[in-house]
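A short worksheet on the structure shown next.
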Amino acid sequence: MAATRFEVRFGGTGGQGLLLSGKMLADALASEGKNVAQSQTYEPTSRGGFCNADLVIANGEVDYPLPIAFDCLVLLDQLAVKPSWSRTKPNALVIADTRNCPDLPAGDYPCHHLPLSRTAIELGSERVTNIVALGALLELSGICKRASIERVLRASSPRSFLDLNLDALAAGYALAAPVAAAAS
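Numbers in the working numbering are just positions in the sequence shown, counted from 1, shifted up by 361.
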């Protein structure tokens with residue numbers, strides 16, 4: 362992360378665990394000494410309406426806590442594309458779920474359609490799509506150390522979901538590893 366300000370959005374619909382992913386990443390980054398401002402937007406419906414979790418990450422003080430232009434965009438549902446796209450930087454890292462977010466506008470950006478939700482389903486629960494996406498984001502962006510996010514995941518996961526969440530994070534790393542290797 363070379364920039365002094367780096368902005369990430371997890372976009373999708375309510376009930377996909379976007380706020381949890383944002384909080385876990387914020388906690389992991391803070392444990393590494395980064396300054397993080399976290400915000401979220403969601404429609405009044407508890408499930409199915411537009412939802413996002415945004416992070417502004419800085420090596421120094423966060424001068425403005427709300428995102429201006431995203432460096433990374435993780436899309437888990439087609440509903441999140443329109444409200445997020447106009448604020449995405451040229452050449453931003455875009456990760457989109459192949460099943461729930463198949464169509465993206467044309468543009469000059471590295472877009473990685475990955476089977477995030479399908480992988481979660483294969484692991485046993487679509488509810489961990491957000492954790493698969495988190496692993497993919499970390500593998501492709503390198504914004505956080507694996508040990509930091511795994512420590513936060515262990516501390517914040519209910520016992521009944523811990524093993525599944527760890528498997529989902531590892532699956533996200535594995536999905537993105539060939540893409541990351543090809544880019545380097």
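Note that CB positions come from ideal geometry on N, CA and C, so glycine has one too.
All of these numbers come straight from a predicted model, not from anything done at the bench.
(message) By the three-class DSSP mapping on this structure, what secondary structure does residue 425 have?
(response) To locate residue 425, count along the sequence shown from 1; it is residue 64. In this structure, residue 425 counts as coil in the three-state DSSP scheme.
(message) Would residue 494 and residue 437 be called neighbours here (beta carbons separated by less than 8 Å)?
(response) On the sequence shown, residue 494 is found 133 positions in, with the first residue counted as 1. On the sequence shown, residue 437 is found 76 positions in, with the first residue counted as 1. The Cβ atoms of residue 494 and residue 437 lie closer than 8 Å to each other.
(message) Tell me which residue opens and which closes the alpha helix (DSSP H) that residue 443 is part of.
(response) Here residue 443 is taken as the residue at index 82 of the sequence shown, counted from 1. Looking at the DSSP string, the run of the alpha helix (DSSP H) that includes residue 443 is 442-446.
(request) Check residue 506 in the structure and name its three-state DSSP category. (result) Counted from its first residue, the sequence shown places residue 506 at position 145. Here DSSP, grouped into helix, strand and coil, assigns residue 506 to coil.
(message) Cutting at 6 Å between CB atoms, please list the residues of its own chain near residue 367, excluding the five before and the five after it.
(response) One-based indexing of the sequence shown puts residue 367 at position 6. These residues qualify, in order along the chain: 418 and 432.
(request) Would you give the residue range spanned by the beta strand (DSSP E) that residue 368 belongs to? (result) The residue given as residue 368 occupies position 7 in the sequence shown. In the DSSP assignment, residue 368 falls within the beta strand (DSSP E) that extends over 366-374.
(request) Counting only the same chain and skipping the five closest in sequence on each side, list residues whose C-beta sits under 6 Å from that of residue 531. (result) Start at 1 with the first residue of the sequence shown, and residue 531 comes out as number 170. Shown here for residue 531: not one same chain residue has a beta carbon closer than 6 Å to its own, the five before and five after excluded.
(message) I want to know whether the region 462-470 touches the region 479-488 - three or more CB-CB distances under 8 Å.
(response) Too few Cβ pairs lie closer than 8 Å, so no.
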